[in-house]
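Report on the structure given below.
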Amino acid sequence: MAFSITGILFVMLEFFRGMLWFLIPLILLDLILLGWYFKRISGRRNKAGLAFKTSIGFGVFAFVITLILLPGSTHATWGDLIGWIDYFSLILVSLGMGAAGAVAIFPVMLHLVGIGPRKEAVQKTQATRPGQTADENAG
Amino acid sequence: MNQDDKKIRAAVHRALESSGMSRRNFLRLSGGGALMAGATASGLLISRPARAVPTSAHIVIVGAGAAGLDSASRLSRELDGARITIIDRQEAHYYQPGLTLVASGLWGADKVTDRNARYLPSDVEWIHDMVAEYDPDNNRVVTEDGRTVEYDYLLVTTGLQINYSDIEGMSRDLIGQHGIGCVYDRPDVALATWQAIDRFTTEGGVGLFTRAPGAIKCAGAPLKMTMLTENRLNERGTRDRAEMHYLPPAKSLFSQPDIHDFLTEHLPGRGIQIDWDHPLKAIDPGARTATFATPEGDRTMEYDFIHVVPPMSAPDALRNSPLAAPAESKFAGWLEVDQYELQHLRYANVFGAGDVNGVPIGKTSASVKAQVPVAVENLIQNIQEKENTARYNGYTSCPLITQVGRAILLEFDYDLKMTPSFPIITPYEPRWTSWLMKDYLLLPAYRAMLRGRI
Ligand SMILES: Cc1cc2nc3c(=O)[nH]c(=O)nc-3n(C[C@H](O)[C@H](O)[C@H](O)COP(=O)(O)OP(=O)(O)OC[C@H]3O[C@@H](n4cnc5c(N)ncnc54)[C@H](O)[C@@H]3O)c2cc1C
Numbered sequence: 001m002a003f004s005i006t007g008i009l010f011v012m013l014e015f016f017r018g019m020l021w022f023l024i025p026l027i028l029l030d031l032i033l034l035g036w037y038f039k040r041i042s043g044r045r046n047k048a049g050l051a052f053k054t055s056i057g058f059g060v061f062a063f064v065i066t067l068i069l070l071p072g073s074t075h076a077t078w079g080d081l082i083g084w085i086d087y088f089s090l091i092l093v094s095l096g097m098g099a100a101g102a103v104a105i106f107p108v109m110l111h112l113v114g115i116g117p118r119k120e121a122v123q124k125t126q127a128t129r130p131g132q133t134a135d136e137n138a139g
Numbered sequence: 001m002n003q004d005d006k007k008i009r010a011a012v013h014r015a016l017e018s019s020g021m022s023r024r025n026f027l028r029l030s031g032g033g034a035l036m037a038g039a040t041a042s043g044l045l046i047s048r049p050a051r052a053v054p055t056s057a058h059i060v061i062v063g064a065g066a067a068g069l070d071s072a073s074r075l076s077r078e079l080d081g082a083r084i085t086i087i088d089r090q091e092a093h094y095y096q097p098g099l100t101l102v103a104s105g106l107w108g109a110d111k112v113t114d115r116n117a118r119y120l121p122s123d124v125e126w127i128h129d130m131v132a133e134y135d136p137d138n139n140r141v142v143t144e145d146g147r148t149v150e151y152d153y154l155l156v157t158t159g160l161q162i163n164y165s166d167i168e169g170m171s172r173d174l175i176g177q178h179g180i181g182c183v184y185d186r187p188d189v190a191l192a193t194w195q196a197i198d199r200f201t202t203e204g205g206v207g208l209f210t211r212a213p214g215a216i217k218c219a220g221a222p223l224k225m226t227m228l229t230e231n232r233l234n235e236r237g238t239r240d241r242a243e244m245h246y247l248p249p250a251k252s253l254f255s256q257p258d259i260h261d262f263l264t265e266h267l268p269g270r271g272i273q274i275d276w277d278h279p280l281k282a283i284d285p286g287a288r289t290a291t292f293a294t295p296e297g298d299r300t301m302e303y304d305f306i307h308v309v310p311p312m313s314a315p316d317a318l319r320n321s322p323l324a325a326p327a328e329s330k331f332a333g334w335l336e337v338d339q340y341e342l343q344h345l346r347y348a349n350v351f352g353a354g355d356v357n358g359v360p361i362g363k364t365s366a367s368v369k370a371q372v373p374v375a376v377e378n379l380i381q382n383i384q385e386k387e388n389t390a391r392y393n394g395y396t397s398c399p400l401i402t403q404v405g406r407a408i409l410l411e412f413d414y415d416l417k418m419t420p421s422f423p424i425i426t427p428y429e430p431r432w433t434s435w436l437m438k439d440y441l442l443l444p445a446y447r448a449m450l451r452g453r454i
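Those protein sequence lines, which keep their order, are chains A and B.
If you read the first sequence in full-length UniProt numbering, its first letter stands for residue 1, the second for the next number, and so on.
If you read the second sequence in full-length UniProt numbering, its first letter stands for residue 1, the second for the next number, and so on.
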C-alpha cells in the first residue's frame with residue numbers, strides 16, 4: 001500500500017505527540033537561545049564553527065549510543081539483525097537521532113563556545129602582536 | 001456548525017417529517033443536498049475546505065472502533081453541513097494489534113488503552129448506546145435504550161463478536177485460570193493470558209494453540225502467540241520441558257500460500273507439532289482437557305496451557321438483521337457489501353468498513369485503513385448522486401511475529417499477491433526491521449488512521 005509524504009508526516013506527528021510536552025519547550029528554548037546568540041554576538045568574534053563542530057561531536061555520541069541501545073530497546077538482541085536491511089534501518093534511525101541531537105544542542109553550544117572575545121580586544125592584541133592573523137582566533 | 005444553522009436544519013427536518021417525506025428523498029429531489037446546504041447560514045458564514053461537499057444529510061455510524069473513528073474523522077472533514085452521529089457505548093479504545101505484545105509480557109495494558117473521545121471530531125454527535133435493531137427499510141436503527149435514530153446514510157463499523165459459548169465449557173471468565181489464555185479480548189484479559197503463559201513457560205508441560213474455523217480477526221494472532229510462547233520457553237531454558245501443538249481447524253495455516261508454506265516448515269522446525277483438522281469443540285477447565293472435532297472423530301487432549309481462539313461472527317444485532325448476508329451466502333451473517341465498493345448489495349444508502357464486512361479477506365486494522373477511504377468516498381459520491389469511484393482491492397497486512405525481535409511484514413490483497421509497501425523489506429523472511437516497525441511505528445500509524453489522516 002502506497003504511503004504519501006503527508007501520511008508519513010502524520011505518522012511522525014503521532015509518534016512524537018506523547019513527547020510534545022518535552023519537545024515544544026525544547027524547540028522554543030533552542031529558538032530563544034539562537035535569537036539571544038545573535039544579540040550577544042554583535043561586536044564579538046563569531047566562533048560558530050567551533051560550536052558546530054562540538055555539536056557534531058555530540059551528534060556522533062548520540063548516534064553511537066542509539067546504535068548500541070536501539071536493538072535492546074525493542075527487546076531484541078544483536079543476533080536478531082540478520083540482513084543488510086536490518087543494519088541499514090539501525091544506521092538510519094541512529095543517524096536521525098544523531099542529527100536531532102546535534103541540532104538540539106547547537107544553540108547551547110553557540111553560547112558555550114561560539115562567542116569569542118570583543119573585536120576591539122582582538123584588534124588590540126593584534127596590534128601588540130603584529131605577526132598574528134585573525135584566523136588563528138576563529139574556531 | 002453554528003446555532004442558527006442547527007435551528008434552520010431542525011425546522012426543515014420537522015417540516016419534512018410532517019409532510020411525510022424522508023430527508024433522504026428530499027435531498028435527492030432537491031439536487032443532492034447542495035441546495036439545502038446553500039440555503040443554510042453555515043454555507044454563508046463558515047468557510048470550509050474547498051473540497052468539502054455541501055450536504056445536510058444525516059449520516060449515522062454504528063461502532064466507534066478503528067473503522068468508526070476513522071470514518072467519522074474523514075466524513076467530518078470532507079462534508080460541509082452534514083449531521084454525523086456515531087453510536088457506541090464503549091468509551092475506552094483498545095489498540096488491538098498490541099494485544100499480542102501484552103499477552104506475551106512485552107507491553108503493559110496501558111500502552112494499548114486509549115479513549116474514543118480523543119479521536120472523535122467535535123462536530124460529531126456521540127450517542128453512548130448500542131444498536132439493538134437495524135431497520136434499513138425505514139432508514140433507522142433502534143438502540144438498546146429504546147432510542148430510534150433515523151438516517152439518510154448508514155455506515156456500519158461494528159467490528160465482530162467473539163463467541164466463547166460456541167466452545168462447550170468455555171467462557172471469558174476462565175481466561176487466566178486453569179491454564180487458559182485468549183488474546184482476542186480486552187487488555188486486562190490479555191494480561192491474564194500473559195499470567196497463564198508466564199506459568200507455562202516457567203514450568204513447562206503440554207501447550208495447545210488452537211485456531212477457530214471461519215473468519216477471524218488478525219488470523220496471524222494465534223500463530224504469533226504460539227511462536228512468542230515457544231520463544232519465551234527458549235529464553236527461560238524450559239523448552240525441553242514443553243511439548244507444543246498448533247491445531248488449525250482445517251489444512252491451512254494461513255490464507256497467503258507462500259506464508260502457509262513457510263509456516264508448514266517453520267513450526268515443525270521449532271519443534272511445534274501441527275495437528276491438522278482440529279477445530280476446538282469443548283474444554284474441561286477442571287480436568288484441563290480439550291476436545292477437538294477431527295474428521296476421525298472427537299479427540300481429547302490433556303494440556304497445561306491452552307490458547308483458545310473462539311469462533312467469531314458479526315455482532316448479534318447485525319447478524320439477525322436484514323443487513324446480514326443470507327444463509328446461502330459464503331459470508332452468511334456478515335454485512336452484505338460489495339467486496340470492492342463496500343456498499344450494501346440491497347440497501348444503497350448503507351456502507352460498511354472493518355471487521356463486520358462480509359468480504360473474502362481483511363479483518364485487520366490495516367484493512368480498515370484501506371477500506372474506510374473507499375466506503376467514505378463512495379458514500380459521498382452517493383450523496384452527490386454520482387457513481388461509486390473508489391474500490392477496495394482486499395489489502396490486508398499483518399506483522400507476523402516469529403520471535404521477540406523478528407517479524408515478517410505481510411501485505412497482500414484479494415488475489416493473495418504480496419503487495420509490500422516497502423519492497424526492500426522482504427515479506428518472506430523474519431526481519432528485525434519489521435519488528436522495529438511493529439514495536440515503534442504501527443501504533444502511531446494506527447492513531448493517525450483514527451484521525452483519518454492516512
Ligand atoms: C489480538 C489481536 C491482534 C491483532 N493484530 C493485528 C495486527 O497486527 N495488524 C492489524 O492490522 N490488525 C490486527 N488486529 C485486528 C484489528 O485490531 C481489527 O481488525 C480492527 O480493530 C477492526 O476494526 P473495527 O472498527 O472493524 O472493529 P473494532 O475496532 O473492534 O470496533 C468495533 C466497535 O463497534 C462497537 N459495536 C459493536 N456492536 C455495536 C452495536 N450494536 N452498536 C454500537 N456499537 C457497536 C464496539 O463497541 C467497538 O467499539 C488484531 C486484533 C486482535 C484482537
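Note that CB positions come from ideal geometry on N, CA and C, so glycine has one too.
Fair warning: this is a prediction, and the values are worked out from it, not measured in the lab.
Span separating the alpha-carbon of residue i from that of residue j
i: K53 (chain A); j: L69 (chain A); result: 24 Å
i: I105 (chain A); j: F63 (chain A); result: 14 Å
i: M21 (chain B); j: A448 (chain B); result: In this prediction, M21 (chain B) has a pLDDT of 46, which is less than 50 and means its spatial position is unreliable; what the coordinates show is noted afterwards. Their Cα atoms are separated by approximately 40 Å.
i: G31 (chain B); j: I383 (chain B); result: Low local confidence applies: a pLDDT of 34 at G31 (chain B) is under 50, so the model's placement there is unreliable, with the coordinate-based value given in what follows. Distance between the alpha carbons of G31 (chain B) and I383 (chain B) is about 10 Å.
i: M418 (chain B); j: N234 (chain B); result: 31 Å
i: M36 (chain B); j: L345 (chain B); result: Only weak support is given to the placement of M36 (chain B): the predicted model assigns it a pLDDT of 32, under 50, and the question is left unresolved by the model.
i: I61 (chain B); j: E387 (chain B); result: 21 Å
i: A121 (chain A); j: D30 (chain A); result: 29 Å
i: T425 (chain B); j: D86 (chain A); result: The question names Thr, but residue 425 (chain B) is Ile in the sequence shown. So the two alpha carbons sit approximately 9 Å from each other.
i: L90 (chain A); j: A324 (chain B); result: 48 Å
i: P310 (chain B); j: V53 (chain B); result: 43 Å
i: L228 (chain B); j: W432 (chain B); result: 15 Å
i: L45 (chain B); j: Y95 (chain B); result: Confidence at L45 (chain B) is low in this model, with a pLDDT of 33, below 50, so the placement of that residue is unreliable and no value is reported for it.
i: F292 (chain B); j: I180 (chain B); result: 16 Å
i: E336 (chain B); j: G358 (chain B); result: 6 Å
i: W334 (chain B); j: T6 (chain A); result: 34 Å
i: R77 (chain B); j: T201 (chain B); result: 49 Å
i: S171 (chain B); j: T300 (chain B); result: 19 Å
i: I27 (chain A); j: W21 (chain A); result: 11 Å
6 Å CB neighbourhood of residue i in its chain, flanking five on each side removed
i: G452 (chain B); result: D70, S73 and R74
i: residue 158 (chain A); result: There is no way to answer for residue 158 (chain A), as the model of chain A reaches only from 1 to 139.
i: G18 (chain A); result: none
Residue i, enclosing beta strand (DSSP E) - first and last residue
i: I274 (chain B); result: I272 to I274
i: N116 (chain B); result: Neither: N116 (chain B) is in no beta strand (DSSP E) and is coded neither H nor E.
i: P399 (chain B); result: T396 to Q403
i: E302 (chain B); result: G297 to E302
i: T433 (chain B); result: No beta strand (DSSP E) contains T433 (chain B), which is instead part of the alpha helix (DSSP H) from W432 to L436.
Which of helix, strand or coil DSSP assigns to residue i
i: T389 (chain B); result: coil
i: D198 (chain B); result: helix
i: A19 (chain A); result: It is Met, not Ala, that sits at residue 19 (chain A) in the sequence shown. In the structure shown, M19 (chain A) sits in coil (DSSP, three-state: anything other than H, G, I, E or B).
i: L28 (chain A); result: helix
i: Y37 (chain A); result: helix
i: T85 (chain B); result: strand
i: residue 465 (chain B); result: With chain B running from 1 to 454 in the structure shown, residue 465 (chain B) is simply not present.
i: H245 (chain B); result: strand
i: E328 (chain B); result: coil
i: T77 (chain A); result: coil
i: Y446 (chain B); result: helix
i: R55 (chain B); result: The question names Arg, yet the displayed sequence has Thr at residue 55 (chain B). Residue state, collapsed to three classes: coil.
i: S55 (chain A); result: helix
Span of the alpha helix (DSSP H) around residue i
i: G98 (chain A); result: W84 to V113
i: P373 (chain B); result: S365 to I383
i: A67 (chain B); result: A66 to E78
i: K281 (chain B); result: First-last for K281 (chain B): L280 to D284, but that is the beta strand (DSSP E), not the alpha helix (DSSP H).
i: E265 (chain B); result: P257 to G269
Contacts around residue i, its chain only, beta-carbon distance under 7 Å, and the 5 residues preceding and following it disregarded
i: P107 (chain A); result: D30, L33, L34 and Y37
i: M97 (chain A); result: A62, F63 and T66
i: N393 (chain B); result: D413 and Y414
i: L23 (chain A); result: F16
i: R270 (chain B); result: E230
Q) Quick one: complete beta strand (DSSP E) runs, 3+ long, within the segment 126–173 of chain B? A) 131–135, 140–143, 148–150 and 153–156
Q | Selection of the segment 414–427 of chain B by Cβ proximity to chain C, strictly under 8 Å | A | Considering every chain present, this structure includes no chain C. Its protein chains are A and B.
Q: Taking only runs that begin and end inside the segment 210–239 of chain B, name each unbroken alpha helix (DSSP H) of 4 or more residues, in chain order.
A: 221–236
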